[in-house]
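Everything below concerns the one structure shown next.
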Amino acid sequence: QDRVHISYHSEAPALKYARGEPRVRLKLQVNQPSFSTGQTLTLAATVTPGPAPLTADAYLAVAVPGGLLLFIQGDGSFTQEVHPLASNWTVMPFAGEVFRYTFHGSELPGTYTWLAAFTAPGTLTLIESLVTVPFTLTP
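The sequence shown begins at 8 in the numbering used here and counts up one residue at a time.
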């Protein structure tokens, strides 16, 4: 069984080209570090391409209390299967909201972690480091 090591940093250090330039920079941000019933979480992403054109598969997932990893799909639904949000995407500048959810009280309390990464198309080979951002849900 494959295991993913999660590093709890909002912006992971990027791997480098031989020239020292990252291939792409990715940052995730939640609107606040802790939530309770009735509050709305917004997840924003910032993508900054490197100097060379790049095509990648884009993954966005959330690790929920208990260790389950859920991958978000293009229609906003979640799956436990490792599946990209976007396949063969030509990486371009982006800054904006990618997910919004209002907590209703039926969700598990605890620490959640958003994870995002770009991989070589059709593979699970990371192009840059996995980016993570945690948040806490209290009852």
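No residue lacks a Cβ here, since even glycine has one placed at the ideal position from N, Cα and C. Since the structure is predicted, the reported quantities are computational estimates derived from the model, not experimental observations.
Going by DSSP, what residue range makes up the beta strand (DSSP E) through Gly103? Per DSSP, the continuous beta strand (DSSP E) segment holding Gly103 begins and ends at 101 to 109.
Please go through the same chain and pick out, in chain order, the residues whose beta-carbon is closer than 8 Å to the beta-carbon of Gly103, but skip the five residues on each side of it. Once the five neighbours on either side are set aside, the close Cβ partners of Gly103 are Ala51, Ala52.
Have a look at Thr139, Leu144, Pro146 and flag the residue whose alpha-carbon is nearest the alpha-carbon of Tyr66. Closest in alpha carbon position to Tyr66, among Thr139, Leu144, Pro146, is Thr139.
Tell me whether Asp82 is buried or exposed, calling it buried when 16 or more other Cβ atoms sit within 10 Å of its Cβ. Looking at its Cβ environment, which holds fewer than 16 other Cβ atoms inside 10 Å, Asp82 is exposed.
Can the beta-carbon of Val37 be found closer than 8 Å to that of Phe125? Contact flag unset, no.
Can you tell me which residues form a DSSP beta bridge with Val138? Answer is Ala123, bridged to Val138.
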